[in-house]
Amino acid sequence: AAGLLMMWWGRSKESDLSDLSNPHDKFFKETFSRIEVARDFMATYLPPDVAAALDLDTLEAQPDSFVDPELQEQFADLLYRVQLRDGRDAYVYFLLEHKSRPEQHAVFQFLRYMVRIWEQDRREGRPLHPVVPLLMHHGQEEWRAATDFGELFTGEEALRPYWPRFRCELYDLARFSDAEIQGTIRLQIGLLAMKYIFDPALRQHLGDIFTMFRELSEKETAVEYLRTVLYYIGNAAKHLQREEMVTIIQQTLADEGSEIMETIAEQWVQQGVERGFQQGIQQGMQQGMVKGVEQGLREAILDTLLLRFDAVSQEIEERLTAVTNTDQLRRLHRQAISAGSLEEFAPLLPDV
13 AAGLLMMWWG
23 RSKESDLSDL
33 SNPHDKFFKE
43 TFSRIEVARD
53 FMATYLPPDV
63 AAALDLDTLE
73 AQPDSFVDPE
83 LQEQFADLLY
93 RVQLRDGRDA
103 YVYFLLEHKS
113 RPEQHAVFQF
123 LRYMVRIWEQ
133 DRREGRPLHP
143 VVPLLMHHGQ
153 EEWRAATDFG
163 ELFTGEEALR
173 PYWPRFRCEL
183 YDLARFSDAE
193 IQGTIRLQIG
203 LLAMKYIFDP
213 ALRQHLGDIF
223 TMFRELSEKE
233 TAVEYLRTVL
243 YYIGNAAKHL
253 QREEMVTIIQ
263 QTLADEGSEI
273 METIAEQWVQ
283 QGVERGFQQG
293 IQQGMQQGMV
303 KGVEQGLREA
313 ILDTLLLRFD
323 AVSQEIEERL
333 TAVTNTDQLR
343 RLHRQAISAG
353 SLEEFAPLLP
363 DV
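The opening position of the sequence shown corresponds to residue 13 in my numbering, with each subsequent residue numbered one higher.
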């Protein structure tokens, strides 16, 4: 199973998380675009009087993004529309600052993006709606930049009435203790992953994070989100080696009674390995690396058999080594996924 996990880990570097220029952007959006997670975050972390003014049951994610293309390496954003308790509408604008060091003028970027939101209101003939700005920072360096726009100005006291004033709610995750990470399990997992992603201490906390997946009530949802978290860590945690990751997964999720691990393994085999090796074969053929492709397929077959049936005899390994046709190896790989037992799979191999 370890070999299969490591092959999957390697392919995660070219997963959907790479579709965006920054894996933090992708993970933030995949986590907080789920309304139940965003609602839970706001109910847990907004100032009580602000949370009380919002009817969070009406929260809706909006498709708009206001971050400049040249700043997408630094910021990610999500916009939500929500009704106030008095029936009027408002926005919650969530900005993630995902550089390891704080951006000194992030609050200025907030103003620019909020103006764009209001410009959109005007174009569509709506009254300007209040915007609640939330800023999340998860770099290791403590946030010391301004969170109140008025702090950007200096000058005579008599001029103060002419300075624009608003403040954003700051969530400096690296400064949160683990006890301050609250809310539903899915929210806690997301916040902990982001809190430790730049920190070498991630390896000490990863087991606890993975263990939390057992508390998710729906197995399918747990598997889906675990894949998202693994992809994120695989792309963003530069200090974590894949061998360490595989060991932690096995220690926390691969025990005999773990239904979630069985489901994860099944999905990796059926959805990941087959597709990944099809791509590998095509690339290998194009580059003339037929021998490498053959060996890669043999390893995939063996890892699949090990994952599904726990042990593979030396005889099966020797008979598999005798297969040199890539089309036949592809078929054997599919049959390794679908076979009900080793006894059912073995007759498909040539005698040696």
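Ideal Cβ placement from N, Cα and C applies to all residues, glycine included.
Values in this document were obtained by computation on a predicted structure and should not be read as measured data.
Per DSSP, the bridge partner or partners of residue i
{"i": "HIS149", "result": "GLU109, ASP184"}
{"i": "ARG179", "result": "ASP160"}
{"i": "HIS91", "result": "Reading off the sequence, residue 91 comes out as Leu, not His. LEU91 pairs with GLN74, TYR105."}
{"i": "VAL235", "result": "Bridge partners of VAL235: none, in fact."}
{"i": "VAL143", "result": "TYR103"}
{"i": "LEU96", "result": "LEU66"}
Buried or exposed by the 16-neighbour rule on C-beta atoms within 10 Å, applied to residue i
{"i": "ALA170", "result": "exposed"}
{"i": "PRO212", "result": "exposed"}
{"i": "PRO362", "result": "exposed"}
{"i": "VAL94", "result": "buried"}
{"i": "GLN121", "result": "buried"}
{"i": "LEU140", "result": "exposed"}
{"i": "ASP184", "result": "buried"}
{"i": "TYR105", "result": "buried"}
{"i": "ILE293", "result": "Interpretation of ILE293 is limited by its pLDDT of 46, a score under 50 that renders its predicted location unreliable; no figure is taken from the coordinates."}
{"i": "THR240", "result": "buried"}
{"i": "PHE210", "result": "buried"}
{"i": "ALA323", "result": "exposed"}
{"i": "LEU317", "result": "buried"}
{"i": "PRO145", "result": "buried"}
{"i": "GLY269", "result": "Summary for GLY269: the model assigns pLDDT 41, below 50, so the residue's position carries little reliability, and this model does not support an answer."}
{"i": "GLY352", "result": "exposed"}
{"i": "ASP52", "result": "buried"}
{"i": "GLU9", "result": "Nothing can be reported for residue 9, as the shown portion of the chain is limited to 13 through 364."}
{"i": "ASN337", "result": "exposed"}
{"i": "GLU42", "result": "buried"}
{"i": "GLY308", "result": "buried"}
{"i": "ASP315", "result": "buried"}
{"i": "ALA334", "result": "exposed"}
{"i": "ASP37", "result": "buried"}
{"i": "SER350", "result": "exposed"}
CB of residue i within 9 Å of CB of residue j, strictly
{"i": "TYR57", "j": "GLU154", "result": "no"}
{"i": "PRO35", "j": "TYR243", "result": "yes"}
{"i": "ASP101", "j": "TYR125", "result": "no"}
{"i": "VAL364", "j": "GLU311", "result": "no"}
{"i": "TYR103", "j": "VAL143", "result": "yes"}
{"i": "VAL119", "j": "ASP160", "result": "yes"}
{"i": "GLU192", "j": "MET148", "result": "no"}
{"i": "LEU344", "j": "LEU354", "result": "no"}
{"i": "TYR92", "j": "LEU71", "result": "yes"}
{"i": "ARG172", "j": "PHE165", "result": "yes"}
{"i": "ILE260", "j": "ALA205", "result": "no"}
{"i": "LEU252", "j": "LEU203", "result": "no"}
{"i": "ILE129", "j": "PHE188", "result": "no"}
{"i": "LEU218", "j": "THR264", "result": "yes"}
{"i": "ALA64", "j": "ALA50", "result": "no"}
{"i": "GLN132", "j": "ASP76", "result": "yes"}
{"i": "ALA55", "j": "HIS117", "result": "no"}
{"i": "ALA248", "j": "PHE87", "result": "no"}
{"i": "ALA348", "j": "ILE313", "result": "yes"}
{"i": "LEU123", "j": "PRO176", "result": "yes"}
Contact test: residue i Cβ vs the ligand MG heavy atom, cutoff 8 Å
{"i": "PHE165", "result": "Looking at this structure, you won't find the ligand MG or any other ligand, since it has none at all."}
Should the segment 215-235 be called in touch with the segment 198-206, which here means at least 3 C-beta pairs below 8 Å? Two segments are said to touch when three or more pairs of C-beta atoms, one from each, lie closer than 8 Å; by this definition the segment 215-235 touches the segment 198-206.
Quick check on the DSSP output: what are the complete alpha helix (DSSP H) runs of length 4 or more inside the segment 303-341, in order along the chain? Counting whole runs of 4 or more residues, the segment 303-341 contains the alpha helix (DSSP H) stretches 326-333.
4 or more residues per run - each alpha helix (DSSP H) lying fully within the segment 36-65: You should have 47-57, 60-65.
For a minimum of 4 consecutive residues, which ranges assigned as the alpha helix (DSSP H) are wholly contained in the segment 191-217? Entirely contained in the segment 191-217, the alpha helix (DSSP H) runs reaching 4 residues are, in chain order, 197-208.
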